[in-house]
Every structure is written in structure tokens, then in C-alpha cells.
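Respectively, the protein sequence lines represent chains L and W.
Everything in the first sequence is counted per my numbering, starting at 3 for the first residue and increasing by one.
Everything in the second sequence is counted per my numbering, starting at 6 for the first residue and increasing by one.
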Amino acid sequence: MFDIILGAISLGLLWAIMTIGVYITYRILDIADLTVEGSIAMGAAIAAFSIFNGMNPFIATCLAFVGGMLAGLVTGILHTKLKIPALLAGILTMIALYSVNLRIMGKANLSLLRIDTVFTPLENLGLSPTNAVMLFGFISVMAIVGLLYWFFGTEIGCAIRATGDNPQMARAQGINTNNMIILGLVISNGLVALSGSLIAQSQSFADIQMGIGSIVIGLASVIIGEVIFGTRNFFNCLISLVLGAITYRIIIALVLKMGMPANDLKLFTAITVAIALSLPVFKTYLRPLKKSLRGGDL
Amino acid sequence: MLVINGIEKKFNAGTVNEKVALSNFNLSLAEGDFVTVIGGNGAGKSTFLNCVAGVFGVDKGSILIDGLDVTKLPEHKRSSVIGRVFQDPMMGTAGNMGIEENLALAYRRGKTRSLSWGISNKEREIYKEYLSHLDLGLENRLHAKVGLLSGGQRQALTLLMATLKKPKLLLLDEHTAALDPKTADKVLQLSDRFVKEGNLTTLMVTHNMRHAIEHGNRLIMMHEGRVILDIKGEEKQQLTVEDLLKRFGQVSGEEFANDRALLS
């Protein structure tokens, strides 16, 4: 049981990087970006292929990050320069990436068993594979949280936030909103691909299917984090995202442990997210009900 | 300061819904002119302001600000010389960001944004100082999210943001129309003060005849996409609402039919 929780935490830390990427588009830019479904698998594909062919795993991971940024760039250009609605632009890139990822790997999945990954140096120090993933994940997540906290406090970071908040106002303050949207998508998908590359290395294989449903997992983690751990300020938000991603993984691990068939997992996640997203609607129904139950004034 | 040469703007050109919003529109403002723009619904007032701000391009003609041809410049580039306040109080500020963050965004208008901090401690003191002049108690709520402010407070803040970096042109697009009369008066007083202190060249669109007469040194009336009345100086100071109605009738050959303008 304890092992399952530890495994969930280590996996959650890797997914936290992806969750932060989803947060940048979904909350900061106010765009539901479906590119992530393709870019997470792309990160895995690039890292797996490069490592399999003898590249240093750290360089391969950086390459995956760059690949994800390119995917974000494509979606950004489709959306801003070619005026394709954001949702559709993301879907187009996602579909295109399916073929691209197959090209990269040459086949539908690639095994990394008994090949050195970014986690190997830590394992050589005597850590168990799970602990190595957890330590590496923790350090990477904290570094990313720190970097993003700094970045979104800079002039450019503030301009991205203003663009997501009120594009009309942003333009009136001289901000090139198109470039800010592209930049946000680039950073977001870079992080998502980085997460994908680390997940592939931790589970020792990359699979063309691994992106399916990842946007929903990302959203579930964002919402769980925000609801349970709060959104007082930006730093608090970032930490909440990390904790949300971990919590999601723990919930899934427990549900599977309790005997839910793994094939039903996506249905379970989708229902969870649907309920979480519709909470505000339920609240408006519940408030008058509560009021009448308490017998009047509140 | 602002020269507009025969601009034309059509919406849905070439379809049955074609609407000529501006036709052969000419106007020239001297530095420090405070011009109020009045006219009925569909007269083209907002289209005119949006064309100047660059929200959409024009079909013909040219727009020059301080000698610079901005006709082809995109909206965000024109913003370096234009300050704007919108009709909707929600439009001019970012509601999920703090008061100081909004001011910091405005403070960097026209400047290339870099990776240095989005707001410095030195600026905070300046903002506090400016905010205290608004007399709304905002100087003690620098971190408060703008979404928590009332419509009047948001408009006052937007006004401050529009003038923080002295603009060559200030555009006020019915910026008091969504406020209650008392708040509207307060925001108008602030506008007057900012314009006077900065000697700002200003265009103020309004539905309210009284406001159009009481503020500014020049008044233009628009009808069907062109200027039909242009009253300045001495004559403007003597103007009354009745005069304006009479002259509108003479020039356009129609009754001025707009309850909002007449009743308020």
C-alpha cells in the first residue's frame, strides 16, 4: 500500500510539470489548448528515440523540450496569424503530431529497458527507481516553479497575463497580444513535452497512444489543486498545481487498488472533471435550497 | 496634432448589409484641443474613434498623429502615443490583476518589454502618489484585484492609466455612459483635470449634450458618418442645449431623436 502511494507521488511529480503547462494555457491565456495531447507523446517519442540511439539522456530531454516548444509555435501561428479558433488550431496540431511522432519513433512504441535514463545517475547512488524518480521529479518541479514565478513577474510575463485577462486592454497598453499568445503556447507545450519525456523514461517506454486523454488529466489536476490547496497568490497557485497533480495520481492509484478495471479509468477521469467544472452551476442551485432549509435570511 | 484626411469606412462591403459608417471624414486638431463628439446612434462616433485607435483599418484616407502617418500601424503600436478609456468599465483594466500591476502595464506603454521585473518599488511610490489624487482611497489597496472595484473606480483607474505616460492623443469613448450620474460627474471632473494638467489633445465621445457643451473647447456633431457641425472657442462657450438642437435640425434636416441625449 505504502509502495503504491510512493509510486503515485513520484509519477505525480512528473505529471505536475505537464499540469503547469496546461495551467499556462487554460488559466493564464484562457485557451483550452489540445496540442498537449500530441506534445506529451512527442516529448516521449523524441527522448525515447534519441536515448535509444545512444544520445545522452539529459540532452535528449532538452531536445524533447524544444520539440514541444515547436509544437506550441505551430498552434500559436495557426491561431493568431491564420485566425483559426484556438480549440481547432490545437486539434489540428495534435492530429498532425500523431503522424510526426510515428515518424520520429519509426513504430508505435519503443522500449527503454536496461538503457540509461536521466534517473540512472541517482539510482547509481543507491536510490530505488521510485525514489530516484521522486527526487529528480521534485528538483525539476521546484526549479520550474521558481523559474515561472520569476518569469510571470517580469514585464513580458505580466504582458502575457494581461493578454489572457483582457486582450482589448492589453492592446491598448501597447502589448502585441498575438506574440504573447504564441509565447505562452510555446512555453506551455515545451513543459508538456518535457513532462512526457520524463514519464517515458520513468516507465521505460514511449507509446504513440500515451497522449490520449492527457488534457483531461491536466485539467483534473489543475482543478483538484485549485479547489483543495487554494489560489491565494501566484506562488500558492503553482504549488497547488503540483499538489493537485500528485493528489490526482494518488486518487487513481487508490481507485485501481480498490478494483476498478484500468480500462474504465478515462471514463472515471472524464466524469470527475465534468463534475468539477460544473460545480459553479450546482452551487447556484444549492444556495436557494440551503436558504429555504435554514428558513429564510442568510 | 491629429490630422484626418478623407477617411472612409464601410462594414460588410459588397453585401446587402453594407453600411457606410464613415464617408469622406476630415478633421484636424491642434495641440491641446479638447474636442467633444456628439451625434445620434449610428452616426459613426465610435467607428471614428476605433479607426483612430487602430481597432480596425480604414478603406480610404489617412490618419496622422503629430506628423506620423499611423494609417497602416496595428493597434498595439499606435497605443504608444494614444491613451484610451472605453465605455465599458471592464474593458480598460485587467480584472484578475492587481491595481499596481495594471498601472505598471500602463507605465510601460510604448516601451519594449523585457525580462526585468514587471514592477519596481520606486514605481509603487509614484503610483501611490497618483492614486491619492483620485480621492478614492485606492492608494492603500495597491495589491487589490481590479475586479473588486466598482465601475466608477475602474473608470478612474483606466483614466489614470491612459494618462500615466503622457499620450499625444487621449480618446474617451462614452467613458461615463455606464456610470450613475454622480459617479459620471466625478469621472468627468477627473478627465477635465487630467486633460488640463497634461495639456492633452483629447477626443471625447458622449451621448450627453450637456456634457458635450460643458467640457472641452470645441464640439463636433456627427451625422451619417460625417461632421455636420463644428463649433469652437467663444461660440462654444455660449452654446446651450436648445441651440444645439436647433442647429442640428437646420443642418441635417431631421429632428434630433435620442432620448438618452435629451433627458440627461
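Yeah, the Cβ is synthetic: ideal placement off N, Cα and C, and Gly gets one too.
Given the structure is predicted, the values throughout are model-derived calculations rather than measurements.
Given this structure, state the Cα-to-Cα distance separating L193(L) from I70(W), to the nearest angstrom.
Cα to Cα, the separation comes out at about 43 angstroms.
What residues match up with W122(W) in a beta bridge as DSSP calls it?
For W122(W), DSSP records a beta bridge to T156(L).
Between the beta-carbon of L110(W) and the beta-carbon of C160(L), is there less than 8 angstroms?
Yes. Within cutoff.
Separation of V21(W) from G230(W), as counted between CA atoms:
In a straight line, the C-alpha of G230(W) is about 19 angstroms away from that of V21(W).
Can you tell me whether S269(W) is helix, strand or coil according to DSSP?
Residue confidence is low: S269(W) scores 49 on pLDDT, short of 50, so the model does not pin down where it sits. No coordinate-derived value is stated.
What does the alpha-carbon distance come out to for the pair A66(L) and Y250(L)?
Across the structure, A66(L) and Y250(L) are spaced so that their CA atoms are roughly 25 angstroms apart.
Starting from S67(W), follow its DSSP beta bridges and name the residues at the other end.
Its beta-bridge partners are N10(W).
Alpha carbons only, please: which of R29(L), F4(L), M71(L) and F237(L) is nearest the one belonging to G198(L)?
Selected option, being the one with the closest Cα: M71(L).
If you reduce the DSSP assignment to three classes, tell me which class L200(L) lands in.
Looking at L200(L) - three-state DSSP - the assignment turns out to be helix.
Quick one: does A174(L) have its CB under 8 angstroms from some CB of chain W?
With 8 angstroms as the cut-off, A174(L) counts as an interface residue toward chain W.
Beta strand (DSSP E) runs contained entirely in the stretch 65-129 of chain L, provided each spans 3 or more residues
As for any beta strand (DSSP E) of minimum length 3 sitting wholly inside the stretch 65-129 of chain L, the runs are 111-113, ordered along the chain.
Rounded straight-line distance, which links the Cα of N178(L) to that of N17(W):
Take the alpha-carbon of N17(W) and the one of N178(L): they are about 26 angstroms apart.
If I141(L) and I19(L) are in contact, beta carbons under 8 angstroms, what's the gap, nearest whole angstrom?
I141(L) to I19(L), Cβ: 12 angstroms. No contact.
What residues in its chain sit with their C-beta under 8 angstroms from that of I93(L), if we drop five residues either side in the sequence?
Result list for I93(L): L36, in chain order.
For G62(W), return the contacting residues in chain L, with the cut-off set at a CB-CB distance below 7 angstroms.
Here the premise fails: no neighbours, minimum Cβ distance about 14 angstroms.
Alpha carbon of V194(W) to alpha carbon of P94(W), nearest angstrom:
Checking the sequence, you will find Gln at residue 194(W) rather than Val. Going by C-alpha positions, Q194(W) is about 17 angstroms away from P94(W).
For G186(L) and I26(L), believed in contact at Cβ under 8 angstroms, the rounded distance
Indeed, because the Cβ distance is near 6 angstroms, the residues count as touching under 8 angstroms.
Check this for me: beta carbons of G227(L) and G215(L), under 8 angstroms apart or not?
For G227(L) and G215(L), no; Cβs fall outside 8 angstroms.
Would you be able to state if there are at least three C-beta pairs under 8 angstroms between the stretch 161-171 of chain L and the stretch 87-101 of chain W?
Verdict: yes, contact present.
Less than 8 angstroms between CB atoms is the rule here; does A34(L) satisfy it with respect to chain W?
Put simply, the CB of A34(L) is far from chain W, with every gap to its CB atoms at 8 angstroms or more.
For the alpha helix (DSSP H) containing I248(L), name the first residue and the last one.
Residues F236 to K259.
A111(W) versus chain L: which residues are under 7 angstroms apart at the beta carbon?
Ordered by position in chain L, the residues that pass the 7 angstroms Cβ test against A111(W) are Q175.
Taking only three categories from DSSP, how would you classify G37(W)?
Looking at G37(W) - three-state DSSP - the assignment turns out to be coil, as it is neither helix nor strand.
Determine the direct distance from the alpha carbon of K191(W) to that of R198(W), and round the result to whole angstroms.
Each residue's CA atom was taken as its position, placing R198(W) and K191(W) some 11 angstroms apart.
Based on the DSSP output, what are the partners of L234(W) in its beta bridges?
Partner residues in the beta bridge of L234(W), as assigned by DSSP, are M226(W).
Since M44(L) is in the alpha helix (DSSP H), which residue starts that stretch and which ends it?
Residues T37 to F54.
With a threshold of 8 angstroms between beta carbons, is A164(L) in contact with chain W?
Interface residue, yes.
Note down the Cα distance separating S196(W) from P186(W), rounded to an integer number of angstroms.
Cα to Cα, the separation comes out at about 15 angstroms.
is_contact[N101(W), chain B] using C-beta, thresh 8 angstroms
Structure shown: chain B not included; protein chains present are L and W.
Does the CB of N126(L) have a neighbour CB from chain W at under 8 angstroms?
Taking a beta-carbon distance threshold of 8 angstroms, N126(L) does not count as an interface residue toward chain W.
Going by DSSP, what residues sit across from G103(W) in a beta bridge?
For G103(W), which the question treats as bridged, DSSP gives the partners K150(W).
Taking DSSP as the reference, what is the three-state secondary structure of A26(W)?
In the structure shown, A26(W) sits in a strand (DSSP, three-state: E or B).
Chain L partners of G115(W), CB-CB under 7 angstroms?
Those are G176, listed as they occur along chain L.
For chain W, check one thing: does any of its Cβ atoms lie closer than 8 angstroms to the Cβ of M71(L)?
Output row for M71(L): interface = no.
Spell out whether any CB of chain W is found under 8 angstroms from the CB atom of N238(L).
False, the Cβ-Cβ gap to chain W never drops below 8 angstroms.
Using a Cβ-Cβ cutoff of 8 angstroms, what residues of the stretch 148-164 of chain L are near chain W? List them in chain order.
Residues of the stretch 148-164 of chain L whose Cβ lies closer than 8 angstroms to any Cβ of chain W, in chain order: F153, G155, T156, E157, I158, G159, C160, A161, R163 and A164.
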